[in-house]
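Here the structure is laid out as structure tokens; the discussion comes afterwards.
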Ligand code: GUN
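In the working numbering, the protein residues as written are 189 to 492.
Quick look at the structure:
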């Protein structure tokens with residue numbers, strides 16, 4: 189679909205179901221060649237949100253036929269213990285993807301752990317080898333949330349070439365890789381952050397807005413050019429009218445009428461992240477075994 193009707197909802201649930209169907213077919217094809225894709229998920233400590241995320245990743249893996257291995261270490265686990273586990277998983281040829289759930293307990297150096305993961309198994313795309321590769325436009329594993337946003341944008345707009353994209357937020361997990369992916373798709377890219385001057389006015393020039401700041405409903409109608417496509421990465425829990433609600437970084441009620449298309453929260457970007465994690469796991473398995481199946485979305489198409 190290349191021309192969006194005003195205020196159209198971008199249905200992340202439907203697109204993620206499509207990605208998962210593609211992954212399921214790819215997993216079956218790999219298994220027919222004697223390769224069982226496997227994902228190891230490492231959780232350290234007892235952050236309740238992380239427990240939910242890890243459980244969902246393991247469940248989704250099972251649904252698409254990916255073998256999952258779950259490792260839970262106590263909050264007091266030492267960095268050496270975590271690094272030893274990563275080393276063991278790096279050396280296990282039957283494991284194709286390794287994901288260490290973030291955040292790690294404060295006494296563990298997150299960067300050191302992420303850098304210890306074999307870049308070929310780094311399904312989060314957080315290792316500097318993959319971060320650098322993305323920046324250079326090489327065929328590498330790319331972070332799941334931004335890759336999911338790219339899939340939604342391509343499904344909505346088709347070719348992104350020449351569009352002005354504004355990314356709000358500069359995190360390593362979303363903002364920076366998102367900017368690199370948009371640049372790789374020949375967008376003109378502006379990254380806004382907490383120190384940006386005239387952020388609203390700059391954002392109002394954008395054809396594409398990707399909001400990833402973690403502040404509930406920060407982006408209102410003043411930020412949006414009529415006809416823009418808006419991707420809301422924010423998932424913020426707020427108390428309102430005596431109820432607990434999930435809201436995005438975008439004030440949906442005020443912004444939707446202005447847009448050509450917009451992701452809801454929940455049901456937009458959220459379901460895409462896990463779907464792209466499954467896709468990365470299949471890509472990693474395929475690359476480690478040197479098999480070249482006709483994949484749903486070739487990695488190059490995501491990264492470029
Ligand atoms: N914690 C929040 N988001 C992520 C993610 O994308 N990957 C990992 N490993 N941990 C996270």
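Glycine included, each C-beta is placed from N, C-alpha and C at the ideal position.
Check	Outcome
Complete beta strand (DSSP E) runs within the region 395-449 (minimum length 3 residues, chain order)	396-399, 417-420, 424-428 and 431-435
Rounded Cβ spacing between residue 416 and residue 396 (contact assumed at less than 8 Å)	7 Å
Assigned secondary structure, residue 479 (DSSP; H/G/I helix, E/B strand, else coil)	coil
Rounded C-alpha distance that separates residue 469 from residue 310	9 Å
Exposed unless 16 or more other CB atoms sit within 10 angstroms - verdict on residue 348	buried
Test: residue 458 CB closer than 8 Å to a CB of chain C	In the displayed structure, chain C is absent; only one protein chain is listed.
Cβ separation of residue 329 and residue 313, assumed to be a contact under 8 Å, to the nearest whole Å	5 Å
Buried versus exposed, by CB contacts within 10 Å (16 or more), residue 386	exposed
Residue 284 versus 256, 296, 297 and 266, residue with shortest Cα-Cα distance	256
Residue 284 (DSSP reduced to helix, strand or coil)	coil
The region 250-266 in contact with the region 222-235 per 3-pair CB rule at 8 Å	yes
Short Cβ contact (8 Å threshold) for residue 407 with residue 399	yes
Limits of the beta strand (DSSP E) - the one that residue 376 falls within	376-380
Neighbourhood of ligand 1 [Cβ distance below 6 Å to any heavy atom], ordered by chain position	287, 288, 289, 290, 312, 332, 333 and 361
Residue 206 to residue 461 span [Cα, whole Å]	13 Å
Cβ pair residue 202, residue 253 closer than 8 Å	no
Extent of the continuous alpha helix (DSSP H) to which residue 295 belongs	Premise fails: residue 295 is in no alpha helix (DSSP H) and is neither H nor E.
Contacts around residue 282, its chain only, beta-carbon distance under 7 Å, and the 5 residues preceding and following it disregarded	226
Under 8 Å between C-beta atoms of residue 371 and residue 377	yes
Minimum C-alpha distance to residue 356 - residue among 220, 334 and 445	334
Backbone CA spacing between residue 308 and residue 473 [nearest angstrom]	9 Å
Beta strand (DSSP E) segment containing residue 256, residue limits	255-261
Other residues of its chain near residue 428: CB distance less than 6 Å, five sequence neighbours each side excluded	none
Beta-carbon gap between residue 381 and residue 358 smaller than 8 Å	yes
Nearest-angstrom Cβ-Cβ length linking residue 479 and residue 218, presumed shorter than 8 Å	7 Å
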